[in-house]
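Participant:
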Amino acid sequence: MAFVVAVAQRKGGAGKSTVAANLAVALAEAGFSAALLDTDPQGTLTRWHALRGQAARDLHFDNPAGWRVPQAVTRLRKAVDFVVLDTPPHADTDSRLAMRSADLVLIPLQPSVADLWAMEGTLEVAAAEKRSVALMLNRVPAQGRAAQEVAATLDQRKLPLLPSPFGNRTAFAAAFAEGLGVTEHAPRSQAATEARALAEAVRRESA
């Protein structure tokens, strides 16, 4: 049975689509069968997938909406090892349906107060749906104490922060612009190492 991860964050611009795409690609690279579902009406991952070319065969992709999301997840649970869902950037019905279908809600947040505030709505929906959550830091700058301060805040609140942040690296954007995960585009880069670490952290969550 597949382990289903909904990448969710109420705040737009948190990097959900980048995280979802790179997580799914890194899981596939690690030898797991993986599916990526774009449930966001903006269709960012749908456009990303259209650029993949030959790489598309390594990843099952679909873009269900609304009540089709649970049906698509149910169908894939018996077909693959992992299902990764990109969700709308609001605590609306579509986002709730995606989280309800998941085993884990993965909440990416940039190291900022605004992202901390925005995650509250996502945490509330996940709690209402009785879903496990994990947080990850995204677009962490190379310098400054913001990431450490956010991590300390999460620790004080006893919120589970995965030990696999994404740095603020151009490799992620460059790979995404070509319809690739960073492990495909720049396999020896630090960004690729970070993507593989996230995949391993999610694998441990599924155990």
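By UniProt numbering, the letter at position 17 of the sequence shown is numbered 17, and the numbering carries on one by one without gaps.
Beta carbons: idealized from backbone N, C-alpha and C, even for Gly.
If you're wondering where the values come from, they're calculated on a predicted model, not measured in any experiment.
Tell me whether D155 sits in a helix, a strand or coil according to DSSP, three-state version.
Facilitator: The answer is helix: DSSP assigns D155 an H, G or I state.
Participant: Opposite G167 in the DSSP bridges: which residues?
Facilitator: Per DSSP, V140.
Participant: Check F61 in the structure and name its three-state DSSP category.
Facilitator: Looking at F61 - three-state DSSP - the assignment turns out to be strand.
Participant: On a Cα-Cα basis, can you pick out the residue from V25, V4, P165 and R131 that is closest to E194?
Facilitator: Nearest C-alpha to E194: P165.
Participant: Does the contact criterion of 3 or more C-beta pairs under 8 Å hold for the stretch 41-59 versus the stretch 14-22?
Facilitator: The stretch 41-59 vs the stretch 14-22: in contact.
Participant: Does the stretch 10-19 touch the stretch 53-63, meaning 3 or more C-beta pairs lie closer than 8 Å?
Facilitator: No: the two stretches stay apart, fewer than three of their Cβ pairs being nearer than 8 Å.
Participant: Could you tell me whether the stretch 94-104 touches the stretch 137-154, where touching means 3 or more Cβ pairs closer than 8 Å?
Facilitator: Verdict: no, contact absent.
Participant: Give the straight-line distance between the Cα atoms of I107 and Q54, rounded to the nearest whole angstrom.
Facilitator: Distance between the alpha carbons of I107 and Q54: 30 Å.
Participant: Determine contact between the stretch 180-190 and the stretch 24-35, defined as no fewer than three beta-carbon pairs at a distance below 8 Å.
Facilitator: At 8 Å Cβ cutoff, the stretches touch.
Participant: Mapping the DSSP letters down to three states, classify D86 as helix, strand or coil.
Facilitator: Strand, per DSSP.
Participant: So, does the stretch 161-175 touch the stretch 188-207, judging by three or more C-beta pairs under 8 Å?
Facilitator: Judged by Cβ distances under 8 Å, the stretch 161-175 makes contact with the stretch 188-207, as three or more pairs qualify.
Participant: Could you give the DSSP three-state label for A186: helix, strand or coil?
Facilitator: Of the three classes helix, strand and coil, the one that applies to A186 here is coil, per DSSP.
Participant: Looking only at DSSP bridge pairs, what is A134 linked to?
Facilitator: DSSP, once it has assigned bridges, lists L106 as partnering A134.
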